[in-house]
Amino acid sequence: MIIAGNWKMNPNQAAANALLEAFAAHRNIFQPDCQALCFPPACYYAMAAQKLAGTAMQWGAQNCHQEQAGAYTGEISAQMIADMGGRWVIIGHSERRQYFGETDNLIMEKIDAARAAGLRPILCVGEPEEVRLKGGQDDFVQGQMAASLENIIKMSLADQKTALEKLVIAYEPVWAIGTGKVASLQNIAEMHQGLCDKLIALFGAGLPEKNVPILYGGSVNSQNAADILAIDKVSGALVGGASLEADGFFAIYQAAIENRPN
Ligand code: 13P
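Set out below in structure tokens:
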């Protein structure tokens, strides 16, 4: 199980400090087989590295640039995130696709950059409401995933295994993000099963033994987490709003502990 808090462009410095201190103070609740993660904005990387040192919670970035270094004003490379102590990076979040024009091809390059820097990428996929209303959600999200993994598809079996061992997928239906509208348990189960089947079709023997974890994201909170995390192919949650309160995050984390596979 993986429980990841995507802070997005929140909170202010004092609240970020308080949140990280709460995580550090409750370090004993974090279990080795249930990975807790947080994704602060870049201005708090140093704070996260310092406050989370000695805890089992890891942190990552919400985005990275596809190049290693250079004249890209305002950007941050995967190597810089790794140098600061970050271990993870969210790539292709629907807000990056929607507001920053990120394409599947760019997302593929960012996954490569993350891998080169030793970061674990969390690749986000998810359909907008209009696609779901027409019933095209399976092809849409599986297409996003396959297009972003094209470079991994072309690798030798051994390299594929190494790459896939680090990869995490997050299914986040766009219409469920920040809206309070959660996908039904049946919808989530079907979408995760579809992504799982697609990974098998794409990689087969190249897949790691425990498969690639697929997280669900979209209005997850302390009330609905237990039911969502109990779904067979759900390996965790990518949480936005509810991850900004320590108690909310801990309640979701607790639900994950109760639902971890034996
Ligand atoms: P909410 O949990 O606020 O809906 O956000 C989900 C999300 O986008 C996490 O990446």
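The numbering used here puts the first residue of the sequence shown at 129, with every later residue one more than the last.
All residues carry an ideal CB built from backbone N, CA and C; glycine is no exception.
Gly368 places its beta carbon less than 8 Å from that of Ile305. Within the region 231–278, the complete beta strand (DSSP E) segments of 3 residues or longer fall at 248–253, listed in chain order.
Taking 8 Å as the cut-off, the Cβ atoms of Ala354 and Glu386 count as close. Taking one beta carbon from each stretch, the region 246–257 and the region 294–301 have 3 or more pairs nearer than 8 Å; the two touch. Taking all protein chains in view, the Cβ of Ile281 is surrounded by fewer than 16 other Cβ atoms within 10 Å, so the residue is classified as exposed.
The closest CA to that of Leu247, considering only Gln226, Pro301, Met137 and Glu293, is found on Glu293. Under DSSP, Val362 takes part in no beta bridge, so it has no partner.
Residue environment for Cys171: exposed (fewer than 16 other C-beta atoms within 10 angstroms of its C-beta). Looking at the DSSP output, Tyr344 bridges to Tyr299 and Ala365.
With a cutoff of 7 Å, Gly346 counts as near ligand 1, since its C-beta is closer than that to a heavy atom of the ligand. When the five nearest sequence neighbours on each side are left out, the beta carbons in the same chain lying within less than 8 Å of the beta carbon of Leu234 are those of Gln194, in order along the chain. For Asn134, the shortest C-beta to heavy atom distance toward ligand 1 is below 7 Å. DSSP places Asn134 inside the beta strand (DSSP E), whose first and last residues are Ile130 to Asn134. Each of Asp211, Trp216, Val340 and Ile342 was checked against the Cα of Ala189, and the nearest Cα belongs to Trp216.
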